[in-house]
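Protein chains: 2
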Amino acid sequence: MNLSAIKGFRGAFLDFIDDPFYVSELESVRYFPDGLLVIENGIIQDFGDYAEMHSKYPNLSITHYRDRLILPGFIDTHIHFPQTEMIAAYGEQLLEWLHQYTFPTERKFKEKSYAKKIASFFLDELLRNGTTTALVFTTIFPESVDAFFEAAGDRNLRAIAGKVMMDCNAPDYLKDTAQSSYEETKALIQKWHKNGRLLYAVTPRFAATSSEKQLQLAGKLLAEFPDVYLHTHLSENVKEVEWIRELFPHSQNYLDVYDRAGLVGDRSIFAHGVQLSPAEFKRLSEANSAISFCPTSNLFLGSGLFKLQQAKSQETPIKVGLGTDVGAGTSFSLLQTANEGYKVSQLQGRKLSSFQALFLATLGGAKALNLEEKIGNFDVGKEADFIVVNLQATPLMALRNSGELPQTLAEIGDRTFALMMLGDDRAISATYILGDRAKIT
Amino acid sequence: MNLSAIKGFRGAFLDFIDDPFYVSELESVRYFPDGLLVIENGIIQDFGDYAEMHSKYPNLSITHYRDRLILPGFIDTHIHFPQTEMIAAYGEQLLEWLHQYTFPTERKFKEKSYAKKIASFFLDELLRNGTTTALVFTTIFPESVDAFFEAAGDRNLRAIAGKVMMDCNAPDYLKDTAQSSYEETKALIQKWHKNGRLLYAVTPRFAATSSEKQLQLAGKLLAEFPDVYLHTHLSENVKEVEWIRELFPHSQNYLDVYDRAGLVGDRSIFAHGVQLSPAEFKRLSEANSAISFCPTSNLFLGSGLFKLQQAKSQETPIKVGLGTDVGAGTSFSLLQTANEGYKVSQLQGRKLSSFQALFLATLGGAKALNLEEKIGNFDVGKEADFIVVNLQATPLMALRNSGELPQTLAEIGDRTFALMMLGDDRAISATYILGDRAKIT
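One line per chain: the protein sequences are A and B, in this order.
Residues 99 to 539 in this note's numbering are what the first sequence lists, from first letter to last.
Residues 99 to 539 in this note's numbering are what the second sequence lists, from first letter to last.
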C-alpha cells in the first residue's frame, strides 16, 4: 500500500456538515456537482469545487469518476460478525431466535481458524456494500476477537469490536464468568485498543445474560479505560423488556440496569431501543449516549417500530446511527437499511428524507461513535474513507435516475432517495480506505 | 419461436399442489430434487422424478439445470405499468402521493409511443424478476391499454390488464366520463379479451375516483362479459377509508360501495384490504373474491399491516395473491415482496414460511386470478411458464445456502426462506414462457 503519494479524486461529492434533523438542508448538506478531493497519506488535505481549486494543484494525479456520486464511507453502528452465516433464520422473535439459531452458531467461533475465515468474508461484505467502519459484536471467545481485529487490521479499517460478556441465561458452552470476562476483556483492550485504527468496545451481550457482578465489572473496565466504548443491546422486544423487569426488580427500567453499573455514558452505544419509555429517552439524552437504529432487524424479528423522531427531537436529542444488525438484519447494505428505516417512519406517519438517512449512515454514525473528528465527511484532516456510488446501477435505477447528475440539492435529494429505496451492493462501484481502493476478494 | 418440438428440462423442481396455509407441507409441497419436466407445444406433457420417468423418453432433448431450483413462474396480482418510472417517490402517503406524483406521470401515457416504450421496459423487468403473469393497471387512455397488450402479446405472456375508469376527484387531464369509460372498455374487451393468452379486467381505479354511475356501468360490463375480471383498490389507507365513508354515506362499508354496483364476485381482485373490517372479510370470503397482498407498498406508503392470517383463516378463507404494486411498491421482485410480507407477519406476531410465501407467488396467485387450470404449478396440461432460480446468486447467498441442493422438504424450506429474504432479480437465472426462454433486452 502506498499511502505517501498525494492524490486527487474528481467527481460529484455529497456529504454533511451539520444534522439535517435539526437544521435546514442548505445548512447541513454539502454538494459539489463537480468537486475535488485531495488526499495525502490517507488524510484529506483539501476539498471543494473543482473549478475553484484545481489551479492550486497543477501536477496532481487525479482519478475522475464521471457520472458517479462520491459519499463518505458508510458507518454501521451495530452488527454481529459471527451471525453472517445464519442470516435469514426463520420464524422466531428475539429470545427464541437467540436460543434456536444464534447460540449454536456462535459456538463455532471458539475455533480461531473458523473465526478468521468468517471475519474475512464479513469484512469483504461490508466493503462490497460501502461500509468502511463498523461497531461489531464478536462472541465470548477471545479467539474470535483476535480473528476479527486481525482481519480488520489487515484491511486498515477503522473498526470497533469487543469480546461478548455473557455469564448467565445462556448455554454452558457459551458462558464466561464475571471474573474471566473482566480479565479477558482487559487483556484484549491492552492488545487491540488504538492498535492502528482499531478501537475496543466493552460488550456485555444484554442485561439478561450478564449477572449484576459482570455488569459491575464492565463498569470497572470503563472506569479503568475511559476512552473505550460500551456496546450492548437495549429494549428491543416486548417480552425481553418484561424479562429484564423480572430479573432486575429493583431497577426503574431497562436502561437503569446499565446505569447502576456505570455503563451509560457518552461513549455508550445501545442497539435498538424500540421499547424505550420517555424516562429512558430523557436519560440517554442527558448522558449523551447513542442509539443504533436497526430497522431491518426490528422488522425481521417483529420487534416493533423505533421512535426515530423522538430520539431526534429538540426535547430529548440523542445521537443516532444506523445499524444493519446482521444476522437479525437481512442485509449488509446501509442503503437497504435506510429503505427499511423509511418504512418504519412511514408506518408512524413520519418522513425520513434521503439526506436524513444518509446523514445517519455517515456523519450521524460517526457522531454516535464519537469519531466525528476522524471520519464521517470530507472535512480537511479526516481519514479518507469514501465510496463511489452509481445511481444507475440497475436497469430500473437507470430509468428512475436517468440523465446526468443534477446541479441542485432538491434534485440530488430525489436521486439519492431512489438510491436508498432501489439500491444495494450493486450501487457501490468502489470503496476506498485511507485513499486506497479496497480489494474485495 | 418453435413451440412444436417436444423438450425436456431436468433439475430440482419445487411447486405446490395444495394450500400450505390449510394443509401440511407434506400435503401441499411437491419437491423433486432430481425431476423431469416434459413440454410439447408450450404445454406440460409430463412431470415427475427423473429416475422414474426418463426411460419413457429415450430420445428427448433435455436441458439440464444443475445446482438450480426450478419454480413455476411468479404471478404478480397487482401492479401499475405506468408507474414504473416514478417508483420510489418520496415522502407521501396514499392520497397526497397520487396527486403529487402519480397523476402527472400517468398523463404521459396518452402518447402511445411513450406507453409502448415503458410497457416494453416494464415487461422486461417482470421477466428479469421471474414474473411470468401479472394483473396490471394501465391509465385512462385506451392508447396505453393497447400499448400494454401489444407488448405482452409480442412476448406471448399470459397477462391481464384494463383501462382505468376514473371520472371524478382527479385532474381534468386524467378523467373520462361514465359513458365514455363504458364504451371504451367495451371496445377494449372485444379487442383484447382472450386474444391469445391475454385477458381483460374492468378497472375502476378506486371508489373515490368513480361516480356511482361509473361503478354501475362497470357492473354492467361484468354482466355483459361474465368471464372478464374486476380489478380495483380496496381499503388501503385510513384517510382513504374515511373519505369513502363521506363520499358514500349510504354504503355499509368500503366493500359495500363496490357490492352495490355488482363488482364483488369470484373474478374480482381487490388490492390491499389493509383496513378491512370483519364484515368485509366475511363478505369477500362468501363472494369468493380475491385480495392482492402488497406488503412492500403497504410499508412504503405507511398504509399499515394486512391481516394475512385472517384472510387465510378457516373462518373467512379468501383467495390471496402477492402484488408488488409498483410504483408504490419499490421492487419488481416477488422475492423481495415475500421478504416484506414476512416482516408484516412478524410485526403481528405471526410466521410466514417460505412455502406459504412461494405458494402465494405461484399457485395462490393463479387461484386468485382463477387461472389455476392454466398456470401456477407443473401439473400436466398447464402452460409451461417457469423460472430457473440460483439459490447462491450472491456471495452472501452462497455462504448461507452452501452445499448441494438438499433432499428434504425441511432443508429446501430453509434454503428458500434464505432465497426470499436475500434474493432479488440476480437469483433468477432464466425465465421461460411456454417452454421457451424469454429474451430480455
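Quick reminder that beta carbons are idealized off the backbone N, C-alpha and C, glycines included.
Quick caveat, the model's predicted, so the values are computed rather than measured.
Integer-rounded CB distance, given that residue j should sit under 8 Å from residue i
i	j	result
D117 of chain B	G462 of chain B	7 Å
I485 of chain B	L169 of chain B	5 Å
R535 of chain B	A525 of chain B	Contact doesn't hold; Cβ gap of about 17 Å is too wide.
G133 of chain B	A110 of chain B	7 Å
F379 of chain A	I416 of chain A	7 Å
L319 of chain B	Y280 of chain B	7 Å
R256 of chain B	I473 of chain B	6 Å
F430 of chain A	E223 of chain A	5 Å
L494 of chain A	I173 of chain B	Incorrect: roughly 20 Å between the Cβ atoms, too far for contact.
L315 of chain B	A268 of chain B	With a Cβ gap of about 17 Å, L315 of chain B and A268 of chain B do not count as contacting.
Exposure label - residue i; buried when at least 16 CB within 10 Å
i	result
A187 of chain A	buried
Y271 of chain B	exposed
I287 of chain B	buried
G479 of chain A	exposed
T63 of chain B	This structure cannot speak to residue 63 of chain B, because chain B is shown only from 99 to 539.
M99 of chain A	Residue confidence for M99 of chain A is low, a pLDDT of 42 falling below 50, so the modelled location carries little weight; the figure read from the coordinates is stated next. Under this definition M99 of chain A is an exposed residue.
D523 of chain B	buried
V121 of chain B	exposed
R365 of chain A	buried
I90 of chain A	This structure does not reach residue 90 of chain A, given that chain A is present from 99 up to 539, and the question cannot be answered.
Q444 of chain B	buried
A464 of chain A	buried
N475 of chain B	buried
N139 of chain B	exposed
T506 of chain B	exposed
D252 of chain B	exposed
D357 of chain B	buried
G294 of chain B	exposed
S333 of chain B	buried
S159 of chain B	exposed
S242 of chain A	buried
S500 of chain B	exposed
S451 of chain A	buried
S153 of chain B	exposed
C-beta atoms of residue i and residue j nearer than 8 Å
i	j	result
H331 of chain B	H370 of chain B	yes
L328 of chain A	V355 of chain A	no
I367 of chain B	A385 of chain B	no
E481 of chain A	I141 of chain A	yes
V487 of chain B	H178 of chain B	no
F246 of chain B	A259 of chain B	yes
L406 of chain B	D483 of chain B	no
L313 of chain A	L374 of chain A	no
T182 of chain A	F220 of chain A	yes
L456 of chain B	T514 of chain B	yes
P180 of chain B	T236 of chain B	yes
F398 of chain A	G427 of chain A	yes
Beta carbon proximity, residue i to chain D, threshold 8 Å
i	result
T428 of chain A	Absent here is chain D; the protein component of the structure consists of chains A and B.
| said: My parser needs the beta strand (DSSP E) runs of 3 or more residues fully inside the region 127–167 of chain B; what are they? | reply: Listed in chain order, they are 127–138, 141–147.
| task | Please list the segments of the alpha helix (DSSP H) lying wholly inside the region 380–461 of chain B, counting only runs of 4 or more residues, in order along the chain. | result | Annotation: the region 380–461 of chain B contains the following complete segments of the alpha helix (DSSP H) (minimum length 4 residues), in chain order: 393–398, 406–409, 432–445, 452–459.
| request: Could you list the residues in the region 329–359 of chain A with a C-beta less than 8 Å from some C-beta on chain B, going in chain order? | output: Within the region 329–359 of chain A, no residue has a Cβ that lies closer than 8 Å to any Cβ of chain B.
| task | Please list the segments of the beta strand (DSSP E) lying wholly inside the region 168–211 of chain B, counting only runs of 3 or more residues, in order along the chain. | result | For the region 168–211 of chain B, whole beta strand (DSSP E) runs of length 3 or above, ordered along the chain, are 172–178.
| field | Interface residues of the region 173–188 of chain B facing chain A [CB-CB below 9 Å] | value | Sequence-ordered contacts of the region 173–188 of chain B with chain A read T182, E183, M184, I185, A186, A187, Y188 [C-beta pairs closer than 9 Å].
| query | In chain order, which beta strand (DSSP E) runs of at least 3 residues are fully inside the region 230–270 of chain B? | reply | Secondary structure within the region 230–270 of chain B: the beta strand (DSSP E) runs of 3 or more consecutive residues, fully enclosed, are 258–260 (chain order).
| request: With 7 Å as the limit, tell me which residues of the region 204–227 of chain B have their beta carbon closer than that to any beta carbon of chain A; keep them in chain order. | output: Cβ contacts with chain A: F219, E223.
| Chain-ordered residues of the region 432–445 of chain B with a beta carbon less than 9 Å from chain A | If the cut-off is 9 Å between Cβ atoms, the region 432–445 of chain B has N437, E438, Y440, K441, V442, S443, Q444, L445 near chain A.
| request: Check each residue of the region 503–533 of chain A: if its Cβ is closer than 7 Å to any Cβ of chain B, include it; give the result in chain order. | output: Going along the region 503–533 of chain A in chain order, one finds D512, F515, A516, M519, L520 with a Cβ nearer than 7 Å to chain B.
| field | Length at least 4, wholly inside the region 281–326 of chain A: the alpha helix (DSSP H) runs in chain order | value | If we require 4 residues or more, the alpha helix (DSSP H) runs fully inside the region 281–326 of chain A come out as 310–322.
| said: Which residues of the region 444–459 of chain A have a Cβ closer than 8 Å to any Cβ of chain B? Give them in chain order. | reply: If the cut-off is 8 Å between Cβ atoms, the region 444–459 of chain A has Q444, L445, Q446, G447, K449, S451, S452 near chain B.
| field | Near-chain A residues of the region 242–271 of chain B - C-beta to any C-beta below 7 Å | value | Of all residues in the region 242–271 of chain B, none has a Cβ within less than 7 Å of some Cβ in chain A.
| request: Mind checking the region 386–398 of chain A against chain B and listing, in chain order, the residues whose C-beta falls within less than 8 Å of any C-beta there? | output: Taking 8 Å as the Cβ-Cβ cut-off against chain B, the residues of the region 386–398 of chain A that qualify are L397, F398.
| Unbroken stretches of the beta strand (DSSP E), 3 residues or longer, contained in the region 483–538 of chain B | Qualifying beta strand (DSSP E) stretches, in chain order: 484–487, 526–531.
| query | If contact means a Cβ-Cβ distance below 8 Å, which residues of the region 477–498 of chain A contact chain B? | reply | Along the region 477–498 of chain A, the positions whose C-beta sits under 8 Å from a C-beta of chain B are T492, P493, L494, L497, R498, read in chain order.
| request: Please list the residues of the region 397–414 of chain A that have a C-beta atom closer than 9 Å to any C-beta atom in chain B, keeping them in chain order. | output: Here the close residues are L397, F398, L399, G400, S401, G402, L403.
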